[in-house]
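Below: the structure, in structure tokens.
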Amino acid sequence: MTHNLDRSRNLLRFYPKAYREERGEEIVATLQDAAEARVPRASLSDQISVALYGVRVRLGLTSETMFGKSLDIAAIPGLVMGAFFGMYLLISGDLPVVNSKFFYPDFGPFLTVGPLFYLVWILGVVVVFEWPQSRRRVAGVCMTLTIVGELLAKLVHRNPNIWEIAILVSLGLPSLLAPDVYVSRRRVLPSACVGLATFATLFFVSGSSVNPGFFNSFYWSGTYEIARRQPYVDVVLLALFALLWITKRREAAGATLILASPWIIVGVAYPVSLKYLSVDALNVVALIAWAAGMTLIVTTSRYRPRPPASIELSALNTG
Amino acid sequence: MIKEMREPTFLVLATLAEGKRHGYAIIQGVAALSEGEVVIRAGTLYAMLDRLTFDGVIESVGEEIVDGRLRRYYELTSEGTTLLGEESKRRVKVSNIALRRLRFVGDFA
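What follows is the structure, given as structure tokens:
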């Protein structure tokens with residue numbers, strides 16, 4: 235029993251101090267009750283669920299916080315953006331390779347196994363359209379298959395561009411981290427439209443007659459474009475964030491920032507990884523602004539104890 | 030405010046409709062109401078309690094120590110009572126329609 239009690243108390247370490255002080259003993263009591271009443275395996279599930287919720291509270295990833303709400307808004311648009319990103323790379327990058335004189339196919343008619351990954355993301359979005367509640371599992375499957383596939387491809391085949399894969403995988407993160415709230419089917423279509431509109435904006439804002447847009451294929455000069463054209467995208471994203479923030483749509487502003495993360499990070503990280511490419515100053519400014527915005531969201535989402543007045547009012551012994 | 034309700038949330042609120050309950054009693058209540066079909070894990074329970082408290086659907090009404098264990102009690106707010114009432118009526122309405130329709134197809138007369 236003491237061993238069980240110690241283990242239950244240890245689980246509280248996953249929670250922030252304020253939460254632990256307010257709810258810790260209550261959670262331990264519930265765990266003790268559950269452990270006494272159930273088979274050991276069930277009691278282990280209780281302990282795992284308590285630990286996982288502790289991590290969520292600590293990171294501010296619950297449905298009550300701004301971070302949690304922003305992730306919830308960004309979740310399905312992120313998956314939709316991933317699917318369109320895959321579709322775009324397939325059309326602009328992989329299909330032209332099939333008839334190219336300069337590249338030889340390494341995976342069927344394609345240069346890499348990339349088309350398989352894109353297909354997984356497209357299928358993932360189809361599943362989410364039908365069962366929106368499964369968005370976390372779908373994101374987990376898409377991300378895992380993409381990462382494992384990339385690693386295997388590196389060993390066996392030519393692997394798709396690592397930056398492209400990093401962007402694709404990070405678009406699933408909002409769904410993976412979003413709190414477990416009810417997602418009705420009527421929310422899916424507007425969310426998908428937001429995803430498509432965001433993707434289209436990113437694409438057209440940097441389009442020109444010389445180069446067909448921001449997401450030009452990574453297999454050729456496209457990789458350079460992401461760094462070169464990112465400043466235009468930064469301006470649009472940060473302006474949108476500021477507009478939403480000022481008009482008090484703070485959760486939507488947070489979602490914008492979350493969905494912008496891969497582009498803003500890659501805009502700086504990619505040229506930094508190459509000695510011959512200089513980093514655009516505006517990309518650095520955007521990265522700093524992004525980091526400040528994310529810090530604001532995370533800080534705002536930290537657990538805060540309930541005001542003492544509400545506890546006093548609700549105390550059982552006051553009647 | 031909650032606009033749409035999942036089964037576990039409905040069961041938690043239905044458990045609290047009987048009166049104030051502490052954490053483990055809610056878990057037991059949900060299991061009993063659902064005839065063992067829905068088992069809420071402790072971590073999931075506290076995520077739900079936090080969310081429902083935040084939404085003003087339930088509130089903490091005090092605590093006591095029993096056998097050295099802290100029990101915090103929760104009950105429905107007036108908002109929560111209204112919400113549960115409306116959701117129950119909606120479910121009854123749908124069920125009644127389904128049962129009426131089943132009368133024509135099988136052994137549900």
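Heads up: the sequence lines are chains C and L, in that order.
With this note's numbering applied, the first sequence corresponds to residues 235 to 553, in that order.
With this note's numbering applied, the second sequence corresponds to residues 30 to 138, in that order.
Where a beta carbon is used, it is the ideal one built from N, C-alpha and C, also for glycine.
Predicted, not measured: the structure shown is a model, and the values here were computed from it.
Under 8 Å from the C-beta of ASP280 (chain C): neighbouring residues of chain L: Against the first sequence, residue 280 (chain C) aligns to sequence position 46. The answer, in chain order, is ARG70, ALA71 and GLY72.
Start-to-end residues for the beta strand (DSSP E) that takes in GLU92 (chain L): Here residue 92 (chain L) is taken as the residue at index 63 of the second sequence, counted from 1. 87-95 is the extent of the beta strand (DSSP E) around GLU92 (chain L).
Is there contact between the stretch 105-121 of chain L and the stretch 77-91 of chain L, where contact requires at least three CB pairs shorter than 8 Å? yes
So, do the stretch 503-518 of chain C and the stretch 476-491 of chain C have three or more beta carbon pairs nearer to each other than 8 Å? no
Taking buried to mean at least 16 other C-beta atoms within 10 Å of its own C-beta, is VAL428 (chain C) buried or exposed? In the first sequence, the residue the question calls residue 428 (chain C) occupies position 194. Buried is the call here.
Presumed contact (8 Å Cβ cut-off) between HIS391 (chain C) and VAL347 (chain C), rounded CB distance: Counting from 1 along the first sequence, the entry for residue 391 (chain C) is found at position 157. Counting from 1 along the first sequence, the entry for residue 347 (chain C) is found at position 113. That pair is a contact at about 6 Å.
In the DSSP assignment, find the unbroken beta strand (DSSP E) run with GLU104 (chain L) in it and report its ends. For the purposes of this step, residue 104 (chain L) is taken as the residue at position 75 of the second sequence. GLU104 (chain L) -> beta strand (DSSP E) spans 98-105.
Would you list the one or two residues that DSSP bridges to HIS51 (chain L)? The sequence position of residue 51 (chain L) within the second sequence is 22, counting from 1. Paired residues: L:TYR102.
Under 9 Å Cβ-Cβ, which residues of chain C neighbour PHE39 (chain L)? By 1-based counting over the second sequence, the position of residue 39 (chain L) is 10. Under the 9 Å cutoff, chain C gives no residues; its nearest Cβ is about 11 Å from PHE39 (chain L).
When the Cα atoms are used, what is the spatial distance from LEU423 (chain C) to ASP306 (chain C)? Residue mapping note: residue 423 (chain C) aligns to position 189 of the first sequence, counting from 1. Residue mapping note: residue 306 (chain C) aligns to position 72 of the first sequence, counting from 1. Going by the C-alpha atoms only, they are around 15 Å apart.
Collapsed DSSP secondary structure at ASP284 (chain C) in the structure displayed: Numbered from its first residue, the first sequence carries residue 284 (chain C) at position 50. One detail in the question is off: residue 284 (chain C) reads as Val in this sequence, not Asp. Of the three classes helix, strand and coil, the one that applies to VAL284 (chain C) here is helix, per DSSP.
Measure the CB-CB distance between GLY72 (chain L) and TYR287 (chain C) and report whether it falls below 8 Å. As a working note, residue 72 (chain L) is residue 43 in the second sequence. As a working note, residue 287 (chain C) is residue 53 in the first sequence. It is a contact, given that the beta carbons lie within the stated cut-off.
Proximity to GLU104 (chain L) [Cα-Cα], best of L:GLU66, L:ARG70, L:VAL68 and L:ASP79: Working through the second sequence from its first residue, we reach residue 104 (chain L) at position 75. The candidate whose alpha carbon is nearest that of GLU104 (chain L) is L:ASP79.
Quick one: does the C-beta of GLU398 (chain C) sit closer than 7 Å to a heavy atom of the ligand MG? Ligands displayed in this structure: none; no statement on the ligand MG is therefore possible.
Identify whether TRP355 (chain C) lies in helix, strand or coil by the three-state DSSP scheme. Counted from its first residue, the first sequence places residue 355 (chain C) at position 121. Of the three classes helix, strand and coil, the one that applies to TRP355 (chain C) here is helix, per DSSP.
Residues near ARG243 (chain C) by beta carbon distance below 7 Å, same chain, minus five either side: The sequence position of residue 243 (chain C) within the first sequence is 9, counting from 1. The answer, listed in chain order, is VAL262.
Residue interval of the alpha helix (DSSP H) (run including ILE492 (chain C)): The residue labelled residue 492 (chain C) in the question sits at position 258 within the first sequence. Residues 484-507.
So what does DSSP say about THR299 (chain C), is it helix, strand or coil? Residue 299 (chain C) sits at position 65 when you count from the first residue of the first sequence. THR299 (chain C) falls in the coil class under three-state DSSP.
Does the beta carbon of GLU108 (chain L) sit closer than 8 Å to a beta carbon anywhere in chain C? As a position in the second sequence, residue 108 (chain L) is number 79, starting the count at 1. So no, GLU108 (chain L) is outside the interface.
Taking the alpha helix (DSSP H) that TYR75 (chain L) falls in, what are its first and last residues? As a position in the second sequence, residue 75 (chain L) is number 46, starting the count at 1. Looking at the DSSP string, the run of the alpha helix (DSSP H) that includes TYR75 (chain L) is 71-83.
So, under 8 Å CB-CB, TRP397 (chain C) and TYR504 (chain C) are touching, yes? Tell me the CB distance rounded to an integer number of Å. Taking the first sequence and counting its residues from 1, the one referred to as residue 397 (chain C) is at position 163. Taking the first sequence and counting its residues from 1, the one referred to as residue 504 (chain C) is at position 270. Between TYR504 (chain C) and TRP397 (chain C) the Cβ distance is about 6 Å, and since that is below 8 Å, they are a contact.
List the residues of chain L that ILE261 (chain C) touches, going by C-beta distances under 8 Å, in chain order. To locate residue 261 (chain C), count along the first sequence from 1; it is residue 27. Under the 8 Å cutoff, chain L gives GLY52, ALA71 and TYR75.
Exposed or buried, what is SER495 (chain C) when buried is set at 16 or more other beta-carbons lying within 10 Å of its beta-carbon? The residue given as residue 495 (chain C) occupies position 261 in the first sequence. Result: buried.
Nearest-angstrom Cβ-Cβ length linking GLY501 (chain C) and ASN517 (chain C), presumed shorter than 8 Å: Residue 501 (chain C) sits at position 267 when you count from the first residue of the first sequence. Residue 517 (chain C) sits at position 283 when you count from the first residue of the first sequence. Their Cβ separation, rounded to whole angstroms, is 4 Å, which keeps GLY501 (chain C) and ASN517 (chain C) in contact under 8 Å.
Alpha carbon to alpha carbon, how far is LEU295 (chain C) from ARG538 (chain C)? Give it in angstroms, no decimals. Within the first sequence, numbered from 1, the residue matching residue 538 (chain C) stands at position 304. Within the first sequence, numbered from 1, the residue matching residue 295 (chain C) stands at position 61. One C-alpha to the other measures close to 13 Å.
Closer than 8 Å, Cβ to Cβ, to anything on chain C: give me those residues from the stretch 91-117 of chain L, in chain order. GLY91, GLU92, GLU93, ARG98, LEU99, ARG100, ARG101 and TYR102
Interface flag, ARG80 (chain L) vs chain C, CB-CB below 8 Å: Sequence index remark: in the second sequence, residue 80 (chain L) carries index 51 (1-based). Yes, ARG80 (chain L) counts as interfacial toward chain C.
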